[in-house]
Amino acid sequence: MPRDQGAGQSYDDGHGLEEPMVQVERPHNFSTWICCVPCYWLRRSKAVHKALLTFAMLLVTSLLVTSPVLFLITTLPEGDQPRVCSPLDEACIRERDGSEGVCNTQACHEAARRMLATMQRGVDPCKDFYQFACGNFRNRLAYQPTSSFSSLQEHVDEQIENLLLNKTGKMNGVYNKLGHFYNSCLEFKNKPVDFNPVYNLLAKLGGYISPKGTEPTDITPLVSSLLKITGASLFDLYIDIDLFDHNKRAIFLDLPKKYLSNDFINEVPDNAPRRRRNVNEYNRFIKRYKRSNHAESRAYTVIKNSRDEKRSSRIKSIIQNFIPSGLEPTLRSSEADQLLQFCLSLDKIFPRHKDIYNWIDIDQRIYVPYNLSYLQDSFNYIRWKLLLNLSLDNATAQLYYNGFHRNEDYSSYIYVTAPHYFRSLGKLLNRFSKRMVHNGLLVLYATDILHDIVNVTANRNWSENCVKITKNIFSEAVGTLYVQQHKPDFLELLVNRVAVLFERIKETLAERMLVMPWLDEETRTQAIFRLRSLQGKFQIWHGYLNESSLAQEMNQVFIYEGDFFTTVLRRLKQIRTPEAQMKRNATQKWTHPYTISAYYEASSNSIVIPLAMMSAWSWSWEGGPSYAVYATLGSVISHEVLHAFDLHHRRLPLDPDPINNHWSWITPEAWHRLEVMVECVAKLYARSFWKKVQFFGNSVDVQFDWNITRNENVADIGSLQIAYHTWHTLTNGKDRTLPGMEALRPSQLFFISVAQTYCSNMTAEAYILSVELDYHTPQPERINGIMMNSPEFADAFRCTVGTKMNPPKKCKTW
């Protein structure tokens with residue numbers, strides 16, 4: 001590939017122009033590691049190399065002389081020797097089957113059709129690569145079920161739907177009740193909408209308290225009752241593994257589950273990692289970070305206001321049926337107004353997305369530890385000891401509030417998310433009577449949770465929502481069903497292959513770290529140690545492979561014939577018990593196998609890749625081109641690996657906690673140079689991307705906030721470099737191609753494969769919401785931004801310097 005097309009390029013890395021990286025050859029054994037500076041010197045010393053070569057020649061000569069038999073065997077024609085390769089030995093397989101040529105398997109033909117159907121011919125890849133790679137992408141077209149992450153989840157949900165409909169004949173035995181529940185959900189759509197069960201439940205929870213009724217002295221009992229079902233509108237409380245001692249349990253106080261359209265049905269249990277942060281340093285900590293722009297775009301404000309109006313209308317409808325019709329009209333109107341004011345005021349104190357970013361960090365939960373007495377003093381609107389006693393089993397509650405007086409170990413703390421919110425909540429509750437708060441909590445429970453269960457007309461596609469609600473409240477059963485459609489041998493081989501890929505990517509990053517000029521020696525050593533300790537969670541949770549545990553759980557499930565509402569409520573209570581929460585959390589440690597969401601888990605320094613993502617490109621290992629899996633799954637793994645080193649994973653000077661020593665991998669000087677390079681990325685994106693969208697007939701400017709997305713952008717750019725170099729080291733740029741794609745070189749197909757994993761169809765409203773609410777750059781800009789910073793991309797497509805996709809100044813970190 002000619003290199004003169006990229007002449008004049010430079011990297012802005014905060015350390016001057018970087019010299020070309022030396023290509024490092026390495027053996028195919030994926031366990032090889034470079035872990036010290038002396039090793040680096042040995043690898044680079046010409047004298048050492050000469051001595052080693054001399055020794056190797058003498059050794060080979062002596063073997064050939066003393067062993068004529070060995071000499072004859074090794075000089076036999078290649079075809080006369082049987083070639084047996086381990087399924088994990090990619091180099092052996094490539095040598096045996098040929099490293100080039102056209103793959104003619106059925107999977108390769110389908111992949112070629114997907115790729116061609118998605119690409120848009122006639123577009124110059126050097127001007128707009130996303131449009132070139134994804135211009136013809138349409139969701140749910142033939143040959144596109146797994147061509148992108150957005151459609152891959154739809155494809156997996158369709159698989160689960162077919163399993164639940166018993167199209168595979170597996171819905172018997174332990175899965176019988178699961179199928180019964182799903183069918184009862186489908187049948188529920190045919191029944192007339194009836195809200196009487198909702199108001200009957202509200203009556204059991206205390207019902208409407210009139211102005212002449214007895215004023216409650218405490219809202220704690222009602223909050224506890226709501227927490228036992230799904231979670232209260234004020235906050236959520238649950239049990240999970242302690243942040244730093246996984247042998248102990250801890251209590252967590254979290255933000256309430258924010259309402260969204262069909263939020264209950266669409267909810268997936270949160271897998272987000274958690275981090276401990278010292279209480280006294282919390283406010284100082286959030287001031288140290290560069291904050292995102294607080295301004296919301298006008299278009300987003302219009303969308304949000306429209307959604308708020310719809311929700312306000314729903315709340316009014318619930319209130320009208322909640323307040324007794326016999327109440328005097330003037331008093332009834334006053335009560336309705338106050339209830340609506342309380343509900344909307346509670347919405348207003350919920351932190352905005354950008355506030356959460358500024359408070360909590362990108363993609364990391366910061367939990368502040370409180371002991372029970374300090375928690376009571378800080379937020380006295382709840383009797384916390386009573387709440388623990390009512391919400392948890394007696395043994396667990398006794399353990400916790402007794403523990404506070406015995407010792408100060410970490411299990412004796414309650415972890416609180418964003419204390420700022422809980423302080424605002426206290427101020428709000430003081431403005432309303434306890435009677436009004438009681439009534440308001442019941443109205444919000446009916447609005448945000450119960451409404452979407454009974455009102456099937458609120459959902460455009462009820463059958464899809466039945467799949468989602470089944471996954472939500474029977475996550476382990478659905479996970480087991482999904483996993484067991486694969487044979488154990490396939491799962492074992494797949495996990496091992498992904499583990500090999502993971503180690504190769506780590507090796508590539510380690511080699512790159514050795515020549516990165518912005519890393520000083522102390523940081524380089526610590527970073528490589530941190531990389532070496534990074535783990536991959538690819539194994540399938542043992543519970544998904546054994547139906548005995550699931551059988552015990554399903555024995556407790558009762559399906560009320562013809563009463564879907566009661567069935568759901570009973571199940572919700574079951575999964576909110578402390579025992580069920582602990583089991584559910586243990587399952588989540590391995591993530592749900594049917595989700596398309598990889599992530600970095602900070603507390604254990606590991607990355608998690610679910611089965612659905614691992615298996616999506618498994619055909620690449622079965623005679624397909626290597627670039628297919630390296631460009632897709634390899635990029636995902638590289639991205640999550642880099643999150644172990646991003647802006648938020650370092651120990652701050654204000655955080656002396658020895659438990660957080662594993663964050664201490666970077667010196668202040670190296671940190672400053674890293675910040676300069678990250679700023680380069682933010683500025684490049686700000687210069688390169690601006691957009692107007694048609695919104696309600698007007699052309700509206702989209703307001704990007706590159707402070708929020710900079711962490712993900714850095715990981716995106718670095719992951720492409722790492723995945724490409726890992727693939728190129730294995731193949732030297734020679735790879736098999738897909739039928740009908742022979743005109744494109746393997747390196748070009750690599751970059752097209754990367755881009756097509758992010759193809760999506762977005763309405764103007766969805767695009768604006770993505771810009772405002774997502775930590776990632778929207779898909780068109782995300783792909784183009786990644787490629788703009790890749791010299792290998794510019795070489796592959798021969799983009800001249802100065803074109804949009806090959807700017808003369810590029811940004812680089814990893």
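Just so we're aligned, residue 1 is where the sequence shown starts under full-length UniProt numbering, counting upward by one. Think of the CB as a built atom: it goes at the ideal place given N, C-alpha and C, for glycine as much as any other residue.
When we look at the beta-carbon of R533 and count the other beta-carbons within 10 Å, is it buried (16 or more) or exposed?
Taking the first residue of the sequence shown as position 1, residue 533 is located at position 533. The sequence given here places Ser at residue 533; Arg does not occur at that position. It counts as exposed.
Out of A796, I505, C759, which one is the CA nearest neighbour of P778?
In the sequence shown, counting from the first residue as 1, residue 778 sits at position 778. The shortest C-alpha separation from P778 is found at C759.
Measuring straight from C-alpha to C-alpha, what distance separates R249 and V693?
The sequence position of residue 249 within the sequence shown is 249, counting from 1. The sequence position of residue 693 within the sequence shown is 693, counting from 1. The alpha-carbon atoms of R249 and V693 are separated by roughly 49 Å.
Tell me whether the segment 460-479 and the segment 174-191 touch, counting them as touching only if at least three CB pairs, one residue from each stretch, are closer than 8 Å.
yes
Continuous beta strand (DSSP E) stretch holding L253: start and end
As a working mapping, residue 253 is identified with position 253 in the sequence shown. L253 -> beta strand (DSSP E) spans 249-254.
Provide the residue(s) that pair with D236 in DSSP beta bridges, ordered along the chain.
Counted from its first residue, the sequence shown places residue 236 at position 236. Answer is D254, bridged to D236.
Helix, strand or coil at F695 according to DSSP, with G and I counted as helix
In the sequence shown, counting from the first residue as 1, residue 695 sits at position 695. Reduced to three states, the DSSP call for F695 is strand.
Spatial distance of A612 from P87 (CA atoms):
Walking along the sequence shown from the start, residue 612 turns up at place 612. Walking along the sequence shown from the start, residue 87 turns up at place 87. If I take the Cα positions, the gap works out to 21 Å.
Just verifying my parser: in three-state terms, what is the DSSP assignment at S225?
Mapped onto the sequence shown, residue 225 falls at position 225. Correct three-state label for S225: helix.
Roughly how many whole angstroms lie between the Cα atoms of E622 and L372?
Walking along the sequence shown from the start, residue 622 turns up at place 622. Walking along the sequence shown from the start, residue 372 turns up at place 372. Approximately 57 Å between the Cα atoms of the pair.
When DSSP labels each residue in this structure, what does D409 get in the three-state scheme?
Start at 1 with the first residue of the sequence shown, and residue 409 comes out as number 409. Bear in mind that a pLDDT of 37 at D409, under 50, signals an unreliable position, so the number given afterwards is only what the model happens to contain. Three-state result, D409: coil.
For A794 and T803, the rounded distance between their alpha carbons:
Position 803 of the sequence shown, counted from the start, is the residue given in the question as residue 803. Position 794 of the sequence shown, counted from the start, is the residue given in the question as residue 794. Cα to Cα, the separation comes out at about 10 Å.
Buried or exposed: E521, going by 16 or more other Cβ atoms within 10 Å of its Cβ?
Position 521 of the sequence shown, counting from 1, holds the residue named residue 521. Looking at its Cβ environment, which holds fewer than 16 other Cβ atoms inside 10 Å, E521 is exposed.
Just to confirm, are A133 and Q721 a CB contact at a threshold of 8 Å?
In the sequence shown, counting from the first residue as 1, residue 133 sits at position 133. In the sequence shown, counting from the first residue as 1, residue 721 sits at position 721. The answer is no: Cβ separation not under 8 Å.
N-terminal and C-terminal residue of the alpha helix (DSSP H) that G802 is part of:
Residue numbering aside, residue 802 sits at position 802 when the sequence shown is read from its first letter. Note, G802: premise wrong, no alpha helix (DSSP H); not H, not E.
Span of the beta strand (DSSP E), counted from its first residue to its last, around S606
Numbered from its first residue, the sequence shown carries residue 606 at position 606. From DSSP, the beta strand (DSSP E) with S606 extends over 606-608.
The alpha helix (DSSP H) that contains K506, what's its start and end?
As a working note, residue 506 is residue 506 in the sequence shown. Where K506 is concerned, the enclosing alpha helix (DSSP H) stretches over 488-514.
Decide if P625 is buried, meaning its Cβ has at least 16 other Cβ atoms within 10 Å, or exposed.
What you label residue 625 is simply residue 625 of the sequence shown in a count that begins at 1. With 16 or more Cβ atoms within 10 Å of its Cβ, P625 is classed as buried.
Could you tell me the boundaries of the alpha helix (DSSP H) in which C103 lies?
Position 103 of the sequence shown, counting from 1, holds the residue named residue 103. Taken as a continuous stretch (DSSP letters only), C103 belongs to no alpha helix (DSSP H), as it is neither H nor E.
Give a yes or no on whether the C-beta atoms belonging to W727 and A107 are separated by under 8 Å.
Counted from its first residue, the sequence shown places residue 727 at position 727. Counted from its first residue, the sequence shown places residue 107 at position 107. Cβ atoms of W727 and A107: not closer than 8 Å.
For V156, does the count of other Cβ atoms within 10 angstroms reach 16, so buried, or fall short, so exposed?
As a position in the sequence shown, residue 156 is number 156, starting the count at 1. So V156 counts as buried.
For T523 and R651, the rounded distance between their alpha carbons
For the purposes of this step, residue 651 is taken as the residue at position 651 of the sequence shown. For the purposes of this step, residue 523 is taken as the residue at position 523 of the sequence shown. The predicted position of R651 is uncertain, since its pLDDT is 44 and thus under 50; no value can be drawn from it.
Measuring straight from C-alpha to C-alpha, what distance separates A715 and Y724?
Here residue 715 refers to the residue found at position 715 of the sequence shown. Here residue 724 refers to the residue found at position 724 of the sequence shown. Cα-Cα distance, rounded: 14 Å.
Exposed or buried, which one is T587 when buried takes at least 16 other CB atoms within 10 Å?
Within the sequence shown, the letter at position 587 stands for residue 587. Any answer about T587 is weak, because its pLDDT of 47 lies below 50 and its placement is not dependable; what the coordinates show is given next. Buried, by the Cβ-count rule.
Run through DSSP, which three-state label would Y599 get?
As a position in the sequence shown, residue 599 is number 599, starting the count at 1. Correct three-state label for Y599: strand.
Does the contact criterion of 3 or more C-beta pairs under 8 Å hold for the segment 737-749 versus the segment 666-679?
no
Check whether the segment 729-748 touches the segment 701-711, taking contact to mean three or more Cβ pairs, one atom from each stretch, closer than 8 Å.
no
Length of the line joining the Cα atoms of S770 and I382
Here residue 770 is taken as the residue at index 770 of the sequence shown, counted from 1. Here residue 382 is taken as the residue at index 382 of the sequence shown, counted from 1. Here the alpha carbons of I382 and S770 stand approximately 36 Å from one another.
Note down the Cα distance separating Y775 from F379, rounded to an integer number of angstroms.
For the purposes of this step, residue 775 is identified with residue 775 of the sequence shown, where counting begins at 1. For the purposes of this step, residue 379 is identified with residue 379 of the sequence shown, where counting begins at 1. For Y775 and F379, the distance between alpha carbons rounds to 31 Å.
By DSSP, does G536 sit in helix, in strand, or in coil?
Position 536 of the sequence shown holds residue 536. Here G536 sits in strand by DSSP.
Just the C-alpha distance for S549 and G543, rounded to the nearest angstrom, thanks.
Within the sequence shown, the letter at position 549 stands for residue 549. Within the sequence shown, the letter at position 543 stands for residue 543. Approximately 7 Å, taken between the alpha carbons.
Measuring only the C-alpha atoms, how far is W384 from V702?
If you number the sequence shown from 1, residue 384 lands on position 384. If you number the sequence shown from 1, residue 702 lands on position 702. Taking the straight line from one Cα to the other gives about 45 Å.
Considering only the beta carbon of each residue, do I323 and F502 sit closer than 8 Å?
Against the sequence shown, residue 323 aligns to sequence position 323. Against the sequence shown, residue 502 aligns to sequence position 502. Their beta carbons are not under 8 Å apart, which means I323 does not touch F502 by this criterion.
Buried or exposed: where does D646 fall if 16 or more other Cβ atoms within 10 Å of its Cβ makes it buried?
Working through the sequence shown from its first residue, we reach residue 646 at position 646. Flag for D646 reads buried.
Span separating the alpha-carbon of A499 from that of F538
By 1-based counting over the sequence shown, the position of residue 499 is 499. By 1-based counting over the sequence shown, the position of residue 538 is 538. Cα to Cα, A499 sits roughly 7 Å from F538.
Could you say which of P419, K683, S312 lies nearest to D254 if we only look at CA atoms?
Here the question's residue 254 lines up with position 254 in the sequence shown. Scanning P419, K683, S312 for the CA closest to the CA of D254 turns up P419.
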